[in-house]
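To start, the structure itself, in structure tokens.
Number of protein chains: 2
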Amino acid sequence: MQKSFIPVNRILLGPGPSNVNPKVLEALSRATLGHLDPQFIELMDEIKSSLKYTFKTENDATFVLSGPGSLGMEACLVNMIEPGNKVVVCTGGYFANRMIQIVEKIGGNPVPVKETWGRAIDPQKLEDSLKTNRDAKIVAFVHAETSTGALSNIKELSEIAHRHNCLVVADVVTSLGATDVMVDEWNLDAVYSCSQKGLACVAGMSPVTFSEKAVHHIKNRKIPVQSWFNDLNLLLSYWGGQKRMYHHTAPSNQYYGLHEALFILKEEGIENAWRRHKENSAKLISKLKDELDLEPIVPNGERIPHLQAIKVPDGVDEAKIRIELLKQHNLEIGAGLGELAGKIWRIGLMGYNSNDKIIDYLIGSLKKVFSEK
Amino acid sequence: MQKSFIPVNRILLGPGPSNVNPKVLEALSRATLGHLDPQFIELMDEIKSSLKYTFKTENDATFVLSGPGSLGMEACLVNMIEPGNKVVVCTGGYFANRMIQIVEKIGGNPVPVKETWGRAIDPQKLEDSLKTNRDAKIVAFVHAETSTGALSNIKELSEIAHRHNCLVVADVVTSLGATDVMVDEWNLDAVYSCSQKGLACVAGMSPVTFSEKAVHHIKNRKIPVQSWFNDLNLLLSYWGGQKRMYHHTAPSNQYYGLHEALFILKEEGIENAWRRHKENSAKLISKLKDELDLEPIVPNGERIPHLQAIKVPDGVDEAKIRIELLKQHNLEIGAGLGELAGKIWRIGLMGYNSNDKIIDYLIGSLKKVFSEK
């Protein structure tokens, strides 16, 4: 006979989800509201305002999609790209490759700018590609490549793209709330993220923001957006305007969680959160080196502060280490994906988990598991 | 200064969301799991098994999408339809009209079979349409049209469609868990629902099920599914198969809620739940008539048992009544949509709310508000 599902608590130190702040978990259980309730409209307005703070933007088209970050990726691309459009996609990992797949599914024509997995995108390669692909109108890239641990300088990539009269689609799924993301200053046009990493919220929501230029671009498409659920024209009428037009039934309890998570982030101050992630990451890297002789595959200066891709030492069974950490210590770290499968572990210190106690627990657990090999 | 968001409790008697069972709300707050955790795989398997029970199906392709019912609508259509395909859509309301919009966005060619709003679809009209549209391969319809309160005989519609060699897409958003839905017996091919009505769960998830014929149809498309997020081929590898292929980061806390809601439904027994909804609806309709002289617009025999479209009496300001119910009694009922805007109220007794106490509270509140006119 089936029973209620009571999960064993885990410490989530993989690439996401990360552990959720208990205050956020508590918020999820509050009484459900209808999506047309005046209280709910207030909630939406406050989320919008907090997201502007988090994205560092004044974009009015800033809101949350009712689905995970991968829905956000699809939404940004399907709105910005028309069938036949050439799109330059900078890729050095699994998630940027997914962008290419989505561009293809939409009927766009993706042109990859390829980088070695585990390295930041070389801006010169984008420059070179745009010189030959003069008919490209969109450039897409990932800020923090979750699959490799590499952080690209998207401020510079965006500058190059705009100099070539392109609009940019930026993935800040793994960076938002944990490391510097400045949408307006960096001139990013269509930007998506997720709820379950730097924001220390539950999975299943995708914060997005669109520049005025992006909204204008979408409103002037020749072919209507092929998705109804993700159509920005419909979503903007739902999230703003004089009269809110019903679109979908928003998951109000999820939104309570996001509201609380963003409130906690504002209380800390986003610059303080960025600093905390950087400092704890530096501690983690030095302890991994000093106490376990483990090292990131990404060169210093190109690393995501809060997500390290750690090289599996020769002769070590990477899966066994992960399984023992989970079994003996209720601690989850991530495996490699794609080209890096079997070669790395991915260790995230994100949001609520970015603190000394967690670092010590991780190092202690790793030592025990390694000593049993 | 912004604060935590604490909603005032509401009694939700509109077309959905309905109030969530407190046990489900509690389940949402349990510790977050990673989407690759062995415990999470167990959770997915149990949800799958409970959904088969709920849909009355043996379909292996039965699972939940990580987005609301309207995402489910788009997912079923985008998988089943290729650009250029002719699709017969039976429509007598707002949500069936949305199907038409989505078919158009996908590049399909929708042929509407039009019914009067507030009436069940006349099967003869479908028969006639299929006789002239012999190249149609898909028929789509809504079981319980949330915008009008009309319940169609989709068993019969499905029979007609299959006799004409069509596959069927069925919307059971408002019917699942509250009134008879029998996917296998009725031969439905691609079916979607939502979490926040009959299932008494929070909004934001869309249970779906696909027949073997539907899966075969999708696997043999000439043009790949245009959506990555909704591509059944990818979703099936995530939800089953020998090796689970990572797709998106599933919202584990949402899934806890769904697991609990389905567990509660199984404990009651789905046939008992259907009976409860019918009995309470009969009580509600007779009390509305006897004590307030209010009547459904849908003829007896064509009504959704648990969602009544009630005619606004002449001279009554429908918005004022709704606003006063909300303000004075924390009670939400729904307004009309589309053609029926201003003409009806929509009163739902769904899931956790389908009980005597709620009926009495509603009738009492309506009386007070009407007496103050």
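The listed protein sequences derive, respectively, from chains A and B.
As numbered in the numbering used here, residues 1 to 373 make up the first sequence, in order.
As numbered in the numbering used here, residues 1001 to 1373 make up the second sequence, in order.
Glycine included, each C-beta is placed from N, C-alpha and C at the ideal position.
The structure displayed is predicted, hence computed values, not measured ones.
Check, Outcome
"Selection from Val316(A), Arg275(A), Pro22(A), Trp345(A) that minimises the alpha carbon distance to Ser175(A)", "Arg275(A)"
"Boundaries (first-last residue) of the beta strand (DSSP E) holding Lys56(A)", "Taken as a continuous stretch (DSSP letters only), Lys56(A) belongs to no beta strand (DSSP E), as it is neither H nor E."
"is_contact[Pro1000(B), chain A] using C-beta, thresh 7 Å", "The structure shown does not extend to residue 1000(B), since chain B spans only 1001 to 1373, so no value can be given for it."
"Opening and closing residue of the alpha helix (DSSP H) in which Tyr361(A) lies", "356-371"
"Contact check, Ile359(A) vs Lys283(A), beta carbons under 7 Å", "yes"
"Residues that Leu28(A) contacts on chain B, provided the C-beta gap is smaller than 7 Å", "Leu1028, Ser1029, Asn1253"
"Touching by the beta-carbon criterion (3+ pairs, under 8 Å), the region 1034-1041 of chain B and the region 28-42 of chain A", "no"
"Residues that DSSP places opposite Tyr1352(B) in a beta bridge", "Its beta-bridge partners do not exist; DSSP assigns none."
"7 Å Cβ cutoff, Thr62(A) in contact with chain B", "no"
"Neighbourhood of Ile223(A) by C-beta distance below 7 Å, restricted to the same chain and skipping five residues each side", "Glu82, Pro83"
"DSSP state of Asp1122(B) mapped onto helix, strand, coil", "coil"
"Coarse secondary structure for Val215(A), derived from DSSP in three states", "helix"
"Own chain residues within Cβ distance below 7 Å of Ala250(A), not counting five before or after", "His35, Ser66"
"C-alpha distance - Asn272(A) paired with Pro296(A), whole-angstrom precision", "25 Å"
"Where the region 259-290 of chain A meets chain B: residues whose CB sits under 8 Å from a CB there", "His259, Glu260, Phe263, Lys266"
"Among Trp117(A), Ile363(A), Asp171(A), nearest to Glu74(A) - alpha-carbon criterion", "Asp171(A)"
"Close-in-space but distant-in-sequence residues of the same chain around Asn85(A) (CB under 7 Å, 5 per side omitted)", "Gly108, Asn109, Lys137, Ile138"
"Own chain, CB closer than 7 Å to Ile102(A), minus 5 neighbours either side, in chain order", "Met73, Glu74, Leu77"
"Same chain, Cβ closer than 6 Å to Gly1334(B), five either side skipped, listed in chain order", "Gly1014, Pro1015, Arg1346"
"Per-residue contacts from Glu74(A) into chain B (C-beta, under 9 Å)", "Ser1227, Trp1228, Phe1229, Asn1230"
"Per-residue contacts from Pro1007(B) into chain A (C-beta, under 9 Å)", "Arg30, Ala31, Thr32, Leu33, Asp37, Gln39, Phe40, Leu43, Ser252, Tyr256"
"Below-7 Å beta-carbon distance, Leu1012(B) vs any chain A residue", "yes"
"Inter-stretch contact at 8 Å, needing at least 3 Cβ pairs: the region 1021-1033 of chain B / the region 1157-1165 of chain B", "no"
"CB contact check: Gln1328(B) to chain A, cutoff 7 Å", "no"
"Boundaries of the alpha helix (DSSP H) in which Ser252(A) is found, first to last residue", "252-268"
"Chain-ordered neighbours of Leu1203(B) on chain A, where CB pairs are closer than 7 Å", "Checking the sequence, you will find Ala at residue 1203(B) rather than Leu. Neighbours of Ala1203(B) on chain A, chain order: Thr249, Ala250, Pro251, Ser252."
"Which listed residue (Glu1324(B), His1248(B), Leu1292(B), Val1024(B)) has its alpha carbon closest to that of Glu1260(B)", "Val1024(B)"
"Every unbroken alpha helix (DSSP H) within the region 1005-1043 of chain B, with a cutoff of 4 residues, ordered by chain", "1022-1028"
"Within-7 Å CB hit, Glu1046(B) to chain A", "yes"
"9 Å Cβ cut-off: residues of chain A touching Lys1105(B)", "Pro224, Val225, Gln226, Ser227, Trp228, Asp231"
"Chain B within 7 Å of Leu71(A), Cβ atoms only", "yes"
"Nearest-angstrom beta carbon gap, Ile41(A) and Gly149(A) [assumed within contact, 8 Å]", "Incorrect: roughly 40 Å between the Cβ atoms, too far for contact."
"Cβ of Leu1025(B) within 7 Å of any chain A Cβ", "yes"
"Simplified DSSP assignment, three categories, for Arg1303(B)", "strand"
"7 Å Cβ cutoff, Pro1017(B) in contact with chain A", "yes"
"Under 8 Å from the C-beta of Ile304(A): neighbouring residues of chain B", "Those within 8 Å of Ile304(A) in chain B number zero; the least Cβ separation is about 17 Å."
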